[in-house]
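What follows is a set of notes on a single structure, which appears directly below.
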Amino acid sequence: MGALTRPALGDLDGDGDPDLLAGEQDGSFDYLENLSGGLLLRTGASNPLASASPGSDGRPAFGDLDGDGDADVVVGADDGTLRYFANTGSASNPLYVERTGAANPLAGQDVGLAAAPALADLDGDGDLDLVVGESDGIFNDYRNTGSPTAPAFALRTGAANPLNGQSVGSLSSPALGDLDHDGDPDLVAGELDGVLDYYENTGTTAAPAFVLRLGVGSPVDGIDVGSRSAPDLGDADDDGDLDLLVGTSLGTFVLYENRSLATAPVFALRSGAANPLNGEDVGSNATPAFVDLDGDGDEDVVSGETSPVFDFFENTILDASLAAMELSLPINPSTASPSAAAIPPRRSPISTATAISTWSPAPGRASSPSTRTRARRRARPISSDSVGPIPWTPSTSASSRHRPSAISTGTATSISSRAASRAASPTMRTRAPRRPPSTSRAPAPPIP
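Per the numbering used here, the sequence shown starts with residue 249, numbered consecutively.
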């Protein structure tokens, strides 16, 4: 995967887990399927999107537009138009066919340049509506005036558009999802300078109203991936909340786990081996999307690339790509090391892991409040003021079904040392404010 990645999440294969679709600058898509051991690139006949050609710089969004129970694809084109690929197969055996002319419910719609679509039910009528970003940084609202089985989209302008007047400056890239658990979709937007903006939906399920939240009011404040951030929301760890995947101008993926306990999302960076997409690179203008393409219940990945094709990365993790941890603390941390056990997803056994820590005289503190499981208390890893979070190593016992690890099969594109440094460790830097100084960004918390 390479530069300008735009991810999207969804169950492409009908197996109940999120897969990933990523579009690239050359108009192709890469598909990463979620299997038992990580994300595995699928090519040729193994890629259900191999025959689809989204065009240059395609940006995918997945959703069931025709009500047949599988994921269809809307692709935003670099020329500002929107293309529609219907899934004529099934949830577990997809087959994508482009619909053109009158068969494309978005035929004739054009936002200018760099169309970036996101699908969600904005008005609570049971069908999927569309928000489309563009090169000018604004958001276009296309309301579905058809039905759940026969979509028809109409552009809403002026006061009828709940995002009228909102702009991120350049290259808006929206992602929709209910982050505050109030039943309506909120919006996270990427932009040219690599940061993210959060628009909370303060309206209702039938009448959305988006309000820009800044500073401590924004769960994505402080996130900066360098350039051309392209987010998507999906439940990557199967814990019931939405995690954040961000594509970068280098074509890499940055994953932030949602560690929220109630109505306020808290995103923590997953880096290195903790990121199942670590090391993946889709080439130039990559635009990834999570979607379960093989019907096995986990998130796979489809990504675009330089050639006008789709690449498919299968998720080989059995249950989920991330693991929650249950921490057991010793009575005297100066003489013993704490241990941890993975809290598995639904219906899977617990695997064990060990946490090793160096403790200083400074008192330890919990990273965040704990929550209860049915059997015992679940706590976040403890760190002292001077040594940081406790590292942990998952067990590789053959008896363990759930292993919070991933395999990488892609070949990384050679990049400059500066780009390599940024790809290895995305920054949380401060930029010149576009808004009042009181809204300074604070860095996102690190992942334990």
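Virtual Cβ for every residue (Gly too), placed ideally from N, Cα, C.
Taking the continuous beta strand (DSSP E) assigned at Arg703, which residues delimit it?
Any property of residue 703 remains undetermined from this structure, which presents the chain solely from 249 to 696.
Would you mind stating whether Pro536 and Gly470 have Cβ atoms separated by less than 8 Å?
Residue mapping note: residue 536 aligns to position 288 of the sequence shown, counting from 1. Residue mapping note: residue 470 aligns to position 222 of the sequence shown, counting from 1. Not closer than 8 Å, so no.
What is the DSSP secondary structure of Ser294, reduced to helix, strand or coil?
In the sequence shown, residue 294 corresponds to position 46, counting from 1. Looking at Ser294 - three-state DSSP - the assignment turns out to be helix.
Got a sec, what are the start and stop residues for the beta strand (DSSP E) Glu382 sits in?
Translated into the one-based positions of the sequence shown, residue 382 becomes position 134. Looking at the DSSP string, Glu382 is not in any beta strand (DSSP E), and its letter there is neither H nor E.
Residue range of the unbroken beta strand (DSSP E) whose run includes Val359:
Start at 1 with the first residue of the sequence shown, and residue 359 comes out as number 111. Unbroken run through Val359: none, as it is neither H nor E.
Beta-carbon separation (whole angstroms), Asp428 vs Ala512, contact threshold 8 Å
Indexing the sequence shown from 1 puts residue 428 at position 180. Indexing the sequence shown from 1 puts residue 512 at position 264. Contact holds; Cβ gap of about 7 Å.
Just to check my reading of the structure: Asp546 and Gly264 have Cβ atoms closer than 8 Å, yes? What is that Cβ distance to the nearest angstrom?
Taking the sequence shown and counting its residues from 1, the one referred to as residue 546 is at position 298. Taking the sequence shown and counting its residues from 1, the one referred to as residue 264 is at position 16. With 8 Å as the limit, Asp546 and Gly264 qualify as a contact, their Cβ atoms being about 7 Å apart.
Roughly how many angstroms lie between the CA atoms of Pro524 and Arg461, to the nearest whole one?
As a working note, residue 524 is residue 276 in the sequence shown. As a working note, residue 461 is residue 213 in the sequence shown. Spanning the two alpha carbons is a distance of roughly 30 Å.
By Cβ distance below 6 Å, which residues in the same chain neighbour Ala423 in space, the five residues on each side in sequence not counted?
Sequence index remark: in the sequence shown, residue 423 carries index 175 (1-based). Answer for Ala423: Ala366, Val436, Pro479, Asp480, Leu481, listed in chain order.
What separation, rounded to the nearest whole angstrom, lies between the Cα atoms of Asp208 and Asp540?
Nothing can be reported for residue 208, as the shown portion of the chain is limited to 249 through 696.
What three-state label does DSSP hand Asp567 in the structure shown?
Along the sequence shown, one-based indexing puts residue 567 at 319. At Asp567, the pLDDT of 49 sits below 50, so the modelled position is not reliable; the number obtained from the coordinates is stated separately. Here Asp567 sits in coil by DSSP.
From the DSSP secondary-structure annotation, give me the bridge partner or partners of Glu212.
Any property of residue 212 remains undetermined from this structure, which presents the chain solely from 249 to 696.
Go through its chain and collect everything with a Cβ distance to Arg404's Cβ below 6 Å, but skip five positions before and after it.
Locating residue 404 in the sequence shown gives position 156, counting from the first residue. Within the same chain, Arg404 has close Cβ partners Asp389, Arg391.
Which whole runs of the alpha helix (DSSP H) in the stretch 489-549 are 4 residues long or more, in chain order?
none
Among Pro433, Ala455, Thr453, which residue has its Cα nearest to the Cα of Tyr446?
Sequence index remark: in the sequence shown, residue 446 carries index 198 (1-based). Considering only alpha carbons, the answer is Pro433.
Whole-angstrom distance between Arg518 and Asp426, CA atom to CA atom:
For the purposes of this step, residue 426 is taken as the residue at position 178 of the sequence shown. For the purposes of this step, residue 518 is taken as the residue at position 270 of the sequence shown. One C-alpha to the other measures close to 21 Å.
Counting pairs of beta carbons, one from the stretch 359-374 and one from the stretch 333-348, are three or more of them closer than 8 Å?
no
Can you look up Val464 in the DSSP assignment and give me helix, strand or coil?
What you label residue 464 is simply residue 216 of the sequence shown in a count that begins at 1. Helix.
Asp483 versus Gly465: straight-line alpha-carbon distance, rounded:
Here residue 483 refers to the residue found at position 235 when the sequence shown is read from its first residue. Here residue 465 refers to the residue found at position 217 when the sequence shown is read from its first residue. Their Cα atoms are separated by approximately 22 Å.
Provide the residue(s) that pair with Thr329 in DSSP beta bridges, ordered along the chain.
Sequence index remark: in the sequence shown, residue 329 carries index 81 (1-based). In DSSP, Thr329 forms a bridge with Asp358.
Whole angstroms is fine: what's the gap from Leu493's alpha carbon to Ala350's?
Counted from its first residue, the sequence shown places residue 493 at position 245. Counted from its first residue, the sequence shown places residue 350 at position 102. If I take the Cα positions, the gap works out to 34 Å.
Is it buried or exposed, Pro609, if we count other Cβ atoms within 10 angstroms and call 16 or more buried?
Stepping through the sequence shown from its first residue, residue 609 is reached at position 361. Because the pLDDT of Pro609 is 31, which lies under 50, any placement of that residue in the model is unreliable, and the number read from its coordinates should be weighed accordingly. Pro609 is exposed by the Cβ-count criterion.
What does Pro410 pair with, by DSSP beta-bridge criteria?
Position 162 of the sequence shown holds residue 410. According to DSSP, which records beta bridges pairwise, Pro410 is partnered with nothing at all.
Just to confirm the assignment, what range does the beta strand (DSSP E) spanning Leu403 have?
Taking the first residue of the sequence shown as 1, we reach residue 403 at position 155. Element bounds for Leu403: 401-404.
Mind checking whether Ser216 and Phe387 have CB atoms under 8 Å apart?
The question about residue 216 has no answer, for the chain in this structure spans 249 to 696.
Do you know whose CA, among Asn506, Phe458, Ser475, Arg507, lies nearest Leu498's CA?
Locating residue 498 in the sequence shown gives position 250, where the first residue counts as 1. Checking every option, the nearest Cα to that of Leu498 belongs to Ser475.
Beta-carbon gap between Asp369 and Asp377 smaller than 8 Å:
Against the sequence shown, residue 369 aligns to sequence position 121. Against the sequence shown, residue 377 aligns to sequence position 129. Yes, the pair counts as a contact, with Cβ atoms nearer than the cut-off.
Tell me the DSSP secondary structure of Asp265 in three-state form.
Here residue 265 corresponds to residue number 17 of the sequence shown, with the count starting at 1. Three-state DSSP puts Asp265 in a strand.
DSSP on Ala610, reduced to helix/strand/coil?
As a first step, residue 610 is located in the sequence shown; it is residue number 362 there, counting from the start. Its pLDDT being 34, under 50, Ala610 is placed unreliably in this model, and the value from its coordinates should be taken loosely. If DSSP states are grouped into helix, strand and coil, Ala610 belongs with coil.
Just verifying my parser: in three-state terms, what is the DSSP assignment at Asp316?
In the sequence shown, counting from the first residue as 1, residue 316 sits at position 68. Coil, per DSSP.
Let me know if Ser395 comes out buried or exposed under the rule of 16 or more other beta-carbons within 10 Å of its beta-carbon.
Position 147 of the sequence shown, counted from the start, is the residue given in the question as residue 395. Exposed: under 16 other Cβ atoms inside 10 Å.
Rank Asn412, Gly520, Asp441, Val321 by C-alpha distance to the C-alpha of Ala300 and give the top, closest one.
Position 52 of the sequence shown, counted from the first residue, corresponds to residue 300. Per the Cα distances, Val321.
Same chain, Cβ closer than 7 Å to Gly315, five either side skipped, listed in chain order:
Taking the sequence shown and counting its residues from 1, the one referred to as residue 315 is at position 67. Excluding positions up to five away in sequence, the list reads Pro396, Thr397.
With 16 as the cutoff for other CB atoms within 10 Å, does Gly520 come out buried or exposed?
Residue numbering aside, residue 520 sits at position 272 when the sequence shown is read from its first letter. Answer is exposed; the Cβ neighbour count stays below 16.
Under the DSSP definition of a beta bridge, which residues are partnered with Ser421?
Here the question's residue 421 lines up with position 173 in the sequence shown. Beta-bridge pairing links Ser421 to Gly438.
Beta carbon of Asp371, beta carbon of Ala457: below 8 Å?
As a working note, residue 371 is residue 123 in the sequence shown. As a working note, residue 457 is residue 209 in the sequence shown. Not in contact: Asp371 and Ala457 (Cβ atoms no closer than 8 Å).
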